[in-house]
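A.B. asks: Here it is, the structure, as structure tokens.
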Amino acid sequence: MKVLIVGSGGREHALSWKVSKSAMVSKVFVAPGNGGTELEDQVTNIDIQANNIEALANFATKESIDLTIVGPEEPLVRGINNRFNELGLNCFGPTKEAAQLEGSKEFMKEFLKKNKIATADYSTFTNSEEALRYVKEKGCPIVIKADGLAAGKGVTIANSIEEAKDAINLALESEIFGKAGKKIVIEEFLTGEEASFIVMTDGINAIPFPTSQDHKARDEMDTGPNTGGMGAYSPAPIVDEIVHDKIMKEVIHPTLKGLKDEGYKYIGFLYAGMMIDKDKNIKVLEFNCRFGDPETQPIMMRLKSDLAELCYKACKGKLKNQEIELENRKSLGVVIAAKGYPHEYEKEKEITNIPIEKSDLKVFHAGTKLVNGDLISNGGRVLCVTTLGSSVQSAQKKAYNAIQDISYDDIFYRKDIGYRAIKREVE
Ligand code: AMP
Ligand code: GLY
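So for the sequence shown, the working numbering puts the first residue at 25; every next one is plus one.
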């Protein structure tokens with residue numbers, strides 16, 4: 025089987041690394057990939073950008089690709105699955121209609137309401153005065169979200185009316201998110217602990233993948249600006265058996281049923297970001313129509329089953345009674361970022377001494393590229409040092425030890441990835 029992975033981040037390095045281990049797979053291409061995928065023996069980078077759907081479709085046709093797995097949301101929201109289907113190509117990822125669950129917050133909130141799935145109370149606005157009136161009525165803290173895709177930057181948690189006013193004006197008046205922010209969703213601020221719950225689905229059946237938690241804030245103790253994710257670990261201790269069953273029953277199954285009722289075809293990973301309160305009540309914060317980054321990196325370390333086979337079966341609607349086999353050990357990934365991220369940062373800095381792969385250690389690349397054989401930085405999130413351990417604490421220790429070997433002048437990383445889980449382990 026020939027497989028194409030679409031994307032260039034740490035998630036796509038982890039997906040291609042995992043797929044390349046399948047006995048069913050003879051060739052793995054990544055478009056466009058990164059320095060890490062280029063260094064993998066079994067993987068070939070293709071110089072096509074992830075949003076260039078026509079070029080990807082042409083490549084997949086010409087190379088007779090048996091399975092395409094789409095990493096990022098943008099090509100999905102733009103309809104890569106629809107185009108591949110027209111051409112009779114297997115594409116693991118939802119159609120653009122179904123991908124609206126991530127592509128439009130308003131669509132998602134209406135969908136949740138219609139299907140009686142719990143979420144924060146909200147209202148939608150295109151007019152800034154009406155939006156501000158709503159905020160004053162509801163009080164702070166309050167959450168303001170751009171409707172469309174904003175590369176993880178579209179959410180503001182406003183602690184004062186002034187902050188809310190700024191966020192509203194930036195989106196609706198200054199249009200900093202362009203079209204994505206011309207409409208905003210304002211919602212109730214929820215408290216509790218967040219967890220990521222990801223399933224693989226063929227549209228009918230859902231296989232839960234291991235749970236995880238990511239650290240979205242840049243600085244220690246989850247403070248500082250929001251990022252794409254500074255690290256993640258799996259499993260998430262907050263998701264015990266009771267919570268797991270509740271999520272499947274109250275969120276995942278009703279979502280798949282709702283999509284089917286609307287006539288939307290959803291094949292792929294469905295990612296529910298949730299807030300879980302102390303009474304184990306679950307509310308959906310967001311849906312993503314793809315795997316998480318960096319959650320993919322630790323989760324792929326724990327997955328023993330053949331990912332390529334599972335994705336292929338999903339495309340064929342054959343996930344019924346499929347199970348996945350998992351590593352019992354815990355996993356943890358620490359993101360190495362460039363100093364300054366998520367604001368301005370420098371690129372093209374040399375990186376050397378990356379620890380070699382072991383059974384319990386893998387350094388996945390994100391913003392890296394190879395130039396004349398030298399590895400240089402090429403993005404805000406640069407690497408993800410990922411480990412397995414008997415506990416989250418031991419996985420964390422291994423990861424921070426491995427980082428000491430890496431030589432990269434602009435290195436920045438959080439020193440406390442996994443702290444919540446470790447606190448629970450210690451107690
Ligand atoms: P989203 O892109 O909607 O997941 O939002 C990004 C992050 O903002 C989430 O992971 C949460 O940490 C936070 N967030 C979003 N919505 C809420 C909410 N209603 N209450 C509290 N925190 C939220
Ligand atoms: N780590 C969160 C995401 O991938 O959206």
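Where is the CB? At the ideal position from N, CA and C, for every residue including glycine.
Count the other CB atoms, across all protein chains shown, that sit within 10 Å of the CB of Arg157; report buried if there are 16 or more and exposed otherwise.
C.D. replies: Mapped onto the sequence shown, residue 157 falls at position 133. Exposed, by the Cβ-count rule.
A.B. asks: Relative to the alpha-carbon of Lys304, which residue among Ile262, Leu194 and Val179 has its alpha-carbon at the smallest distance?
C.D. replies: To locate residue 304, count along the sequence shown from 1; it is residue 280. Of Ile262, Leu194 and Val179, the residue nearest in Cα terms is Ile262.
A.B. asks: Going by C-alpha distance, which of Gly391, Asp238, Ala362 and Tyr369 is nearest Ile441?
C.D. replies: Stepping through the sequence shown from its first residue, residue 441 is reached at position 417. Closest by alpha carbon: Asp238.
A.B. asks: Any idea which residues DSSP pairs Ser147 with across the strands?
C.D. replies: Locating residue 147 in the sequence shown gives position 123, where the first residue counts as 1. According to DSSP, Ser147 bridges with Ile210.
A.B. asks: Taking contact to mean 3 or more Cβ pairs, one atom from each stretch, closer than 8 Å, check whether the segment 362-373 and the segment 343-350 are in contact.
C.D. replies: No, they do not touch.
A.B. asks: I believe Cys164 touches Ser184 by the beta-carbon criterion, under 8 Å. Please report the beta-carbon distance rounded to the nearest angstrom.
C.D. replies: By one-based count along the sequence shown, residue 164 stands at place 140. By one-based count along the sequence shown, residue 184 stands at place 160. Rounded, the Cβ-Cβ distance is 6 Å, consistent with contact.
A.B. asks: What does the alpha-carbon distance come out to for the pair Arg242 and Pro249?
C.D. replies: Along the sequence shown, one-based indexing puts residue 242 at 218. Along the sequence shown, one-based indexing puts residue 249 at 225. Distance between the alpha carbons of Arg242 and Pro249 is about 6 Å.
A.B. asks: Nearer than 8 Å: is that true of the beta carbon of Glu319 relative to any heavy atom of ligand 2?
C.D. replies: To locate residue 319, count along the sequence shown from 1; it is residue 295. Yes, ligand 2 has a heavy atom inside 8 Å of this Cβ.
A.B. asks: What would DSSP say about Ser32, mapped onto helix, strand or coil?
C.D. replies: Numbered from 1 along the sequence shown, position 8 holds the residue referred to as residue 32. Coil at Ser32, not helix or strand.
A.B. asks: With DSSP run on the structure shown, which of helix, strand or coil describes Asn82?
C.D. replies: Translated into the one-based positions of the sequence shown, residue 82 becomes position 58. Helix, per DSSP.
A.B. asks: Which residues in the same chain as Glu197 place their Cβ atom closer than 8 Å to its Cβ, once the five residues preceding and following it in sequence are excluded?
C.D. replies: Sequence index remark: in the sequence shown, residue 197 carries index 173 (1-based). Ser152.
A.B. asks: Determine the DSSP secondary structure at Tyr285, reduced to helix, strand or coil.
C.D. replies: Start at 1 with the first residue of the sequence shown, and residue 285 comes out as number 261. It is Asp, not Tyr, that sits at residue 285 in the sequence shown. Helix at Asp285.
A.B. asks: Which stretch, first to last residue, makes up the beta strand (DSSP E) that contains Thr225?
C.D. replies: Taking the first residue of the sequence shown as 1, we reach residue 225 at position 201. Glu217 to Thr225 is the extent of the beta strand (DSSP E) around Thr225.
A.B. asks: Excluding the five sequence neighbours on either side, which residues of its own chain have a C-beta within less than 7 Å of the C-beta of Glu349, listed in chain order?
C.D. replies: Here the question's residue 349 lines up with position 325 in the sequence shown. Taken in chain order, the residues that qualify are Lys328 and Ser329.
A.B. asks: Could you name the residues that DSSP lists as bridge partners for Glu310?
C.D. replies: The residue labelled residue 310 in the question sits at position 286 within the sequence shown. Glu310 is bridged to Gly297.
A.B. asks: Check Lys270 in the structure and name its three-state DSSP category.
C.D. replies: Along the sequence shown, read from residue 1 onward, the residue named residue 270 stands at position 246. Note: Lys270 maps to helix in three-state DSSP.
A.B. asks: Under 9 Å, do Leu385 and Thr410 count as touching if we go by C-beta distance?
C.D. replies: Counting from one through the sequence shown, the residue named residue 385 turns up at place 361. Counting from one through the sequence shown, the residue named residue 410 turns up at place 386. Result yes, Cβ atoms of Leu385 and Thr410 sit closer than 9 Å.
A.B. asks: Taking the CB atoms as reference points, tell me whether Phe201 and Cys339 lie closer together than 9 Å.
C.D. replies: To locate residue 201, count along the sequence shown from 1; it is residue 177. To locate residue 339, count along the sequence shown from 1; it is residue 315. It is not a contact, given that the beta carbons lie outside the stated cut-off.
A.B. asks: Take Ile306 as the anchor and find which of Val223, Leu214 and Gly255 has the nearest alpha-carbon.
C.D. replies: Numbered from its first residue, the sequence shown carries residue 306 at position 282. Among Val223, Leu214 and Gly255, the Cα nearest to that of Ile306 belongs to Leu214.
A.B. asks: Could you name the residues that DSSP lists as bridge partners for Gly357?
C.D. replies: As a position in the sequence shown, residue 357 is number 333, starting the count at 1. Gly357 is bridged to Ala256 and Thr410.
A.B. asks: Here's the rule: buried if 16 or more other CB atoms are within 10 angstroms of the residue's CB, otherwise exposed. What is Leu294?
C.D. replies: Numbered from its first residue, the sequence shown carries residue 294 at position 270. So Leu294 counts as buried.
A.B. asks: Can you tell me whether Val263 sits near ligand 1, meaning its C-beta is under 8 Å from at least one heavy atom of the ligand?
C.D. replies: On the sequence shown, residue 263 is found 239 positions in, with the first residue counted as 1. Checking the Cβ of Val263 against ligand 1 gives no.
A.B. asks: How do the segment 129-139 and the segment 272-289 stand: do at least 3 beta-carbon pairs fall below 8 Å, yes or no?
C.D. replies: Yes, the segment 129-139 touches the segment 272-289.
A.B. asks: Are the CB atoms of Glu98 and Ala74 within a distance shorter than 9 Å?
C.D. replies: As a first step, residue 74 must be located in the sequence shown, where it is residue number 50. As a first step, residue 98 must be located in the sequence shown, where it is residue number 74. Yes, these two residues count as a Cβ contact at 9 Å.
A.B. asks: Taking the C-alpha atoms as reference points, what is the distance between Arg107 and Val101?
C.D. replies: Your numbering for residue 107 matches position 83 in the sequence shown. Your numbering for residue 101 matches position 77 in the sequence shown. Approximately 12 Å, taken between the alpha carbons.
A.B. asks: Taking the beta carbon of His389 as the centre, do at least 16 other beta carbons fall within 10 Å, making it buried, or is it exposed?
C.D. replies: Residue numbering aside, residue 389 sits at position 365 when the sequence shown is read from its first letter. The residue in question, His389, is buried, as its Cβ has 16 or more Cβ neighbours within 10 Å.
A.B. asks: Please tell me whether, using a cut-off of 8 Å, the distance from the CB of Glu218 to the nearest non-hydrogen atom of ligand 1 is below it.
C.D. replies: The sequence position of residue 218 within the sequence shown is 194, counting from 1. It does: the Cβ of Glu218 is within 8 Å (strictly closer) of some heavy atom of ligand 1.
A.B. asks: Does the beta-carbon of His367 have 16 or more other beta-carbons within 10 angstroms, so that it is buried, or is it exposed?
C.D. replies: Indexing the sequence shown from 1 puts residue 367 at position 343. Exposed is the call here.
A.B. asks: Run the CB neighbour count on Met245, radius 10 Å, all protein chains shown included, and call it buried at 16 or more, exposed below.
C.D. replies: Mapped onto the sequence shown, residue 245 falls at position 221. Classification of Met245: exposed, given that the 10 Å Cβ count is below 16.
A.B. asks: Bridge partners for Thr320 per DSSP, in chain order?
C.D. replies: Numbered from 1 along the sequence shown, position 296 holds the residue referred to as residue 320. Answer by DSSP bridge pairing: none, since Thr320 is not bridged.
A.B. asks: Using a Cβ-based criterion (distance less than 8 Å to any ligand heavy atom), does Tyr365 qualify as near ligand 2?
C.D. replies: Here residue 365 refers to the residue found at position 341 of the sequence shown. Not under cutoff, so the answer is no.
A.B. asks: Check whether the segment 423-440 and the segment 374-384 touch, using three or more Cβ-Cβ pairs below 8 Å as the test.
C.D. replies: Cβ pair count under 8 Å is three or more, so yes.
A.B. asks: If I'm right that Met325 touches Leu412 with Cβ under 8 Å, what's the distance once you round it to whole angstroms?
C.D. replies: Looking up residue 325 in the sequence shown gives position 301. Looking up residue 412 in the sequence shown gives position 388. Met325 to Leu412, Cβ: 5 Å. Contact.
A.B. asks: Helix, strand or coil for Gln346? Go by DSSP, reduced to three states.
C.D. replies: Residue numbering aside, residue 346 sits at position 322 when the sequence shown is read from its first letter. Reduced to three states, the DSSP call for Gln346 is coil.
A.B. asks: Please tell me whether, using a cut-off of 8 Å, the distance from the CB of Ala175 to the nearest non-hydrogen atom of ligand 2 is below it.
C.D. replies: To locate residue 175, count along the sequence shown from 1; it is residue 151. It does not: the Cβ of Ala175 is nowhere closer than 8 Å to a heavy atom of ligand 2.
A.B. asks: Quick check: what's the CA-CA separation for Ala445 versus Ser418?
C.D. replies: The residue given as residue 445 occupies position 421 in the sequence shown. The residue given as residue 418 occupies position 394 in the sequence shown. Taking the straight line joining both Cα atoms gives about 12 Å.
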